[in-house]
Structures are given as structure tokens and as C-alpha cells.
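Line order of the protein sequences matches chains A and B. First residue of the first sequence: 276, per the numbering used here; consecutive thereafter. First residue of the second sequence: 8, per the numbering used here; consecutive thereafter.
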Amino acid sequence: MAYLGAVSLSVDVPDPSAALATAFATEWGAVVATLIRVTGDWALAEDSAAEAFATAAQRWPVDGVPRRPGAWLSTTARNAAYDRLRRRAAEQRALHRVAGDPTTGRWAEDLEPEPEGRDGWAQVPASDGAGTGDDRLRLVFTCCHPALPLEGRVALTLRTLGGLEVAEVAAAFGVTESTMAKRLVRARQKIAHARIPYRVPAPDELPERLGGVLGVLYLVFTEGYAPTSGAAIRTDLSAEAIRLAGQLAVLLPDESEVHALLALMLLHDSRRAARVAPDGALVPLEDQDRTQWNASQIERGLAALDAGLRAAVGGAAGPYLLQASIAACHATARTPDATPWPRVVELYDALVAIAPSPHAHLARAIALGMADGLAAGHEALAGLDGAPRGLRLAAEADLLRRYGRVAEAAVAYREAAEHSDGARRHFLEARLAELGTAG
Amino acid sequence: MTYLMVVRVPADANPTREEGDPTAWVEATSDGQRLFGDRLRPPQDATCVRVRDGKTLVTHGPFAEIAEQIAGFDILTVDDADTAVQIALTHPVATFGALELRELHPFGLPDGSVDDVPFIGEPVTYVLLMGNDPDAPGPDPSDEGLPAAWIEQVGDAERGGARLRPADEAITVRIRDGKQLVTHGPFAELAEQVAGYDLLDVPDLDAAMALAAAHPAARLGVVEIRPRWPIWEQ
């Protein structure tokens, strides 16, 4: 019996470090979001949340994991914030006494409750109660407010919403920790000084503001997927973007584009293992070993796409829904030849109609070339005067190579490489070399 | 005559608290010459709003990246330009920055009246600076950019405002090494000049942005939103 008891005990009691990791991933944003609403002080909220998680790391292995970790963490963080505010008010009073200044720290006095008022101040919904979802949405929309510089939006999203350390965010973007810290301070100051409201936008503003939020998450994802900076140490930004998009999809279940962005990121990320060769070179989609694609991520991506399609019923398909649908065409094709090119062309047609970009036009031209023959692709490419020359030549080379026109492809690759630089040039030169060995 | 006095300060100016303190100047001009004025939050707290093809474009920062940024403003009602210059010369910022005097140029309203309410009263939370934008599309000939409908829309949140006479009619005042420097023309040759201002009392930036986007200047140029920064606040 004793033995059985021990077994059941080991099943019931979660592993503290695993529980803490889970709590961090699911509760950080909610804990910070509620503290920001209550105190109006972003730095205080972040510091107090960090203190609560540090306390948990000490206490949980000793006391056991609390039954409701989220509620435990938000109470602990709230108390930490209260202590910090009280200390600050006391320091300010001492300072004014020393300086002989009769005015006291106005805001701290306003915020600090009377001793008996503490209960009133503490009446904040626990993390599993109603309202925290709203707080987290408030935080999401405020972090991504269009009046903040883009770099500030990204920094706040990763630090305040995602809970990454300042040093981690700095390393991910290849800047020093003090630069990143300053960026965060400046963004928080603008929120306070320009009075950027802490709220979910009104329904008429929501589509545009949501577009801004999704843009920040996608930027974080692509920075992790196809880094533009040469940062040596990288936090897994793609995983972070996927995690935050997943949370947003739970908070905004009726928004098609949120599910669609999640789907797009999962479907792209599923190819991670196959898209880089052992020597570090990028492997193009049609040459990737499709057995290396992450099947469970594809499954999750397709499910998210399905949710996005269902939410879009009766409305227009947004740019992420179309891109995710294209990614799904590739993800579900067992071989490159099985790609449903006419369907891909259809989706690109819809995409360039609502979100024209040089890349979308080029991709559409290549898809057209695959669906309707080389001549059709050529014609579509020739019509794209607006696209950068390097990209257009690369697309042409790509199309020629796919049709086995090796000599012409080589010429186009060489010219495209001359018009490109960095990783892209490397890639084009590698393709050229491959053609050489093949021919 | 009524002037908007734009207080310009170079980013690297580092006056002592005493040197920059305008309290005495404010007291000296309180006999009806100065209607209102205050410090503005620095350029990094500014937000610009443009409306192009019916879409609202929001950017951060001021509309012109220049060395001498707008740090504050005052509205002066005086008999003539000379008096305005004399008042500007006594402002503490004259010794390390510049004071740009711009005469108000009120719009005629459809009902025959003139929109000349430079300042209605406190409280003011945001200052909208209407700016020229060299990249703005030329206005539709039928679009006179009159803010009559806007004023109606703003209602009680409007605390005063006006269009300004063109920048080449500005007078800029500085004191350097004890010498008074009064120049005609704006403080710098820029494509982006302040063309008007409006004082608002709204609860937050979203409300200010919505009103800025509705103003004709957002369509024809750019509107910069600067939070007021009362002088007593740290």
C-alpha cells in the first residue's frame, strides 16, 4: 500500500521545474498585463512579475507546486508590486524631508493605498478569473500601437508580453543590452507621456490595429526564420512568435487572420530541418527532403488554417489566409510534382489583388510558369517592371532550371547574382555551381 | 495682431534650470499679451498622422528631422510685430534656442464669420501642429481644406487654434553673445513648416489621432501630435 501511495503521489505532484516552465509560457503575459492595468507602470509590472517567477523557482521545489499556479503567481507579483510601490513612496518622502521640499511625490501618493485600502487595491481578478484575457489583449494592442517605433513595438512584444530577458532580446537582434534597454525605456516613456491608451481598440479600428499586431509577430517570426542580422546568439524567435500567435488565436477566436498567421508560421517552420543543408546553404522547396518536414507542425498548421477559413466564411480572405493556403498546398504535396500549381496561381492572383508586393508578383509568375508552361511564366515575369532586377532575374533562372533549360538558367543565375548580395547572392552562386556539375 | 510664438531648442542645448526657467517671462507677459502657452513633450513622444487615399498613416516622431525642434509655444496678442519681437527677445530660450513668430491667418468660415479663436481656455492636453508635406499630393481643386466641419466634429474638445501666415513671413528671434539677432523668414529653410495649430483636450492619444486624421491638414499635409508637458511636471 505504501508503495502504491508513493506511486500515486509521484503522479499527482507535478515536477516543479516543468510546472514553472509551463506557467512561464502561459501566465507571464497575463500577470504583467494585469499589473500594468492596476499600476500603470510598465517597468514596475515587468520587475514584479520577474520577482514572482523567481520566488516560484525558490518556493515550488520546497513547498510543492500550487494547485492554481496562475493565481499563485499573480498574487505574488501583486504583493511584490505593492512592496515596491511602498518602498518607493517611503524613499520619496525621505528624499523630500532631506531636501526640505513640502511637495511630496504626487503619483506615488496617489497610487499608494492607505493600509486599510490594500484589500481594495488587491481586488484584481486572479489569473484564471474573468478579465485577464482582456488584460492580455490590452497589452498586445498597446505593445503594437502604431505611434510607437517598429523596433520599440518588437522589443515590448518580446520583453513585456513574451517575458524574454532584455539580454535575450538584445542578442536576438544583434544589439547591445544597453541599446535594447534604452529602446524599451523610450517606448515605455512614450506610452506614458503621449498617453497611449491601455485598451483593446474599438471594433471599427480593430482590423487595422490587428494588422499591426500580426505584422509585428510575423516580423519576429521571419527574424528567427531568415535572420537579417548576423547575430551569433539567437533566442528561438520563431518559436516565440508561434507561441504568442497561438495565445492570440485563443483570445480572438473569431479573427480569421490570427489563425491564418499561426498557420502560415507553423507551415513554414515545419520545413526548418529540411531547408538548410549540412554546409549551411539554403535548400529550395522542390529539393527539400520532404520526409524531414515536421508532420505534427504541419498538422497543427492545417488545423489553424481550417480555423482561419471557418472564421472567414461570409467575409473576404485576408493576406495571411491566402499565404497560409499557398503554404498548405506545398505542405500537403508529397512530391514537388504533386503540387497543385493551378490552385497556387489562383491563390497568388487573389493575394496580389489585395496585397501587391514584388515578391508576391514574382512568386505568382513562377507558379504560372509551372501551371501553364514556361512561356506563360516568361510572359508574366516580363510584365513585372516594378520588381527589383536581381529578384526578377533569379525568378527567371529558377523557372528555366525547373524546365531543364540549363544553359539559359546559368546565364540568368550569373546575372541575378551580380544584382544581389549577402545570403541571397551566396544562394544564387550555389545554384549556378550546381547547374555546372549537373550540366 | 495675434502671433504663435514657436519655441525652438537645439537637441544639444544644455541650459541650467535657471537659464531655461520661463516663470519670470510668463509673469511679465501676463497683462493680456500672452494668452496661453506651454512646454511640449520632446520629439520622440510626437506622433504624425497623414491620410492618403482614404487610409490613415501613423508614424512616430516629428514631421521634420531637424536640429532645432519645437519645445514649446506661446500665443501672443500684441499691437504690432515690433512688440512681438521685443517680447520674444526677453524669453530665456532666446539665448540658447530660437523663437519663431508666426502671425495667425484665420480661415473665413462659410457663414461669413472668421475662425479666429487662438485660445479658448484650459485644459489642453495635446497640441496639433499642422505641417506642409512636400510629398503630399496636390489638393483636389474643389478641396479648400476648410476645417469648418472638423471644428463642429471636435466640439468641446477644441481649445482654440488657427492657420498661420506662410513661413516666409515668419520672424525669428535669437540672442547670441549678448547680440540680438532678428531675421525675417523661418528659423530654417525647410520643406516642412508649421502651417497651423490646434489645441485639444482629449483623454488619450487614440482620441487625438482620430481627430488629427479627420482634419483637412492630414489629407493635404501632415498633422503632428505633441503632448503638452506642463512646466511644473518633471
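C-beta: ideal position from N, C-alpha, C; glycine also.
If I measure Cβ to Cβ from residue i and keep anything under 6 Å in the same chain, skipping five residues before and after, which residues do I get?
i: A:Ala548; result: Gln567
i: A:Val620; result: Ala642, Leu643, Ala646
i: B:Thr190; result: Thr179
i: B:His98; result: Trp32, Leu106
i: B:Glu199; result: Phe70, Ala71, Gly138, Asn139
i: B:Pro22; result: Phe103
i: B:Pro130; result: Asp208
i: A:Thr330; result: Thr351
Would DSSP call residue i helix, strand or coil?
i: A:Val307; result: helix
i: B:Glu196; result: coil
i: B:Glu75; result: strand
i: A:Cys418; result: helix
i: A:Glu671; result: helix
i: B:Glu107; result: strand
i: B:Pro234; result: strand
i: B:His67; result: strand
i: A:Arg550; result: coil
i: B:Leu171; result: strand
i: B:Ala202; result: strand
i: B:Val16; result: strand
i: B:Gln241; result: coil
i: B:Val85; result: coil
i: A:Tyr688; result: helix
i: B:Asp163; result: helix
i: A:Leu542; result: helix
i: B:Glu26; result: helix
i: B:Asp150; result: coil
i: A:Thr454; result: helix
i: A:Arg343; result: coil
i: A:Leu232; result: Outside the modelled stretch of chain A, which goes from 276 to 714, sits residue 232 of chain A, for which no answer is possible.
Which residue's Cα is closest to the Cα of residue i: the options?
i: A:Pro421; options: B:His67, B:Glu165, B:Glu107; result: B:His67
i: A:Arg734; options: A:Arg361, A:Leu707, A:Leu674, A:Ala625; result: The structure shown does not extend to residue 734 of chain A, since chain A spans only 276 to 714, so no value can be given for it.
i: B:Phe80; options: B:Arg233, B:Ala88, B:Pro223; result: B:Arg233
i: B:Val201; options: B:Ile182, B:Asp52, B:Gly168, B:Ala221; result: B:Gly168
i: B:Thr63; options: B:Gln160, B:Gln241, B:Val229; result: B:Val229
i: B:Gly185; options: B:Ile82, B:Val100, B:Glu240; result: B:Val100
i: B:Tyr10; options: B:Gly145, B:Pro173, B:Asp142, B:Leu188; result: B:Pro173
i: B:Gly145; options: B:Glu159, B:Arg226, B:Gly44, B:Val13; result: B:Arg226
i: A:Ala670; options: A:Arg680, A:Leu439, A:Asp660, A:Ala638; result: A:Ala638
i: A:Tyr473; options: A:Leu523, A:Arg413, A:Ala445; result: A:Arg413
i: A:Met455; options: A:Asp479, A:Pro476, A:Ala430, A:Gly438; result: A:Ala430
i: A:Leu423; options: B:Leu42, B:Arg46, B:Val56; result: B:Val56
i: A:Tyr493; options: A:Ala477, A:Arg428, A:Ala332; result: A:Arg428
i: B:Leu136; options: B:Glu231, B:Glu26, B:Glu25; result: B:Glu231
i: A:Gly555; options: A:Ala501, A:Gln598, A:Arg585, A:Glu530; result: A:Ala501
i: A:Ile601; options: A:Ala613, A:Ala640, A:Tyr623; result: A:Tyr623
First and last residue of the alpha helix (DSSP H) that includes residue i?
i: A:Cys604; result: 594-606
i: A:Leu557; result: Counting along the chain, A:Leu557 falls outside any alpha helix (DSSP H), and DSSP gives it neither H nor E.
i: A:Phe328; result: 317-338
i: A:Leu494; result: 481-500
i: A:Leu637; result: 633-647
i: A:Gly521; result: 512-526
Short of 7 Å in beta carbon distance, which residues of its chain neighbour residue i, apart from the five on each side in sequence? Order them along the chain.
i: A:Arg550; result: Leu557, Val558, Gln563
i: A:Ala327; result: Val306, Leu348, Thr351, Ala352, Ala355
i: A:Leu436; result: Gly304, Leu414, Val415, Cys418, Leu519
i: A:Pro444; result: According to the sequence displayed, residue 444 of chain A carries Val and not Pro. Excluding positions up to five away in sequence, the list reads Ala430, Leu433, Arg434, Met455.
i: A:Arg458; result: Glu426, Gly427, Ala430
i: A:Ala318; result: Arg463
Assuming residue i is part of the beta strand (DSSP E), what are its boundary residues?
i: B:Gln187; result: 186-191
i: B:Met137; result: 133-138
i: B:Ile178; result: 178-183
i: B:Val121; result: Segment: none, B:Val121 is in no beta strand (DSSP E) and carries neither H nor E.
i: B:Phe114; result: Where B:Phe114 is concerned, there is no enclosing beta strand (DSSP E), given that its DSSP letter is neither H nor E.
i: B:Thr54; result: 54-59
i: B:Leu42; result: 41-46
Could you name the residues of the same chain whose beta carbon sits closer than 8 Å to that of residue i, not counting the 5 residues immediately before and after it, in chain order?
i: B:Asp89; result: none
i: B:Gly152; result: Pro146, Pro223, Ala224, Arg226, Leu227
i: A:Leu541; result: Ile517, Gln572, Ile573, Arg575, Gly576, Ala579
i: A:Val475; result: Asp409, Leu412, Arg413, Phe416, Leu481
Contact the segment 348-360 of chain A vs the segment 300-313 of chain A: 3+ CB pairs below 8 Å: Yes, they touch.
Contact between the segment 481-492 of chain A and the segment 457-469 of chain A (3+ Cβ pairs under 8 Å): Output reads no: the segment 457-469 of chain A does not touch the segment 481-492 of chain A.
The segment 574-582 of chain A / the segment 535-548 of chain A touching (three or more Cβ pairs under 8 Å): Under the three-pair Cβ rule at 8 Å, the segment 574-582 of chain A counts as touching the segment 535-548 of chain A.
The segment 458-465 of chain A in contact with the segment 44-62 of chain B per 3-pair CB rule at 8 Å: In short, these stretches touch, since the Cβ pair count reaches three.
Three CB pairs or more closer than 8 Å across the segment 689-702 of chain A and the segment 9-23 of chain B: As far as the Cβ criterion goes, the segment 689-702 of chain A does not touch the segment 9-23 of chain B, which means the pair count is below three.
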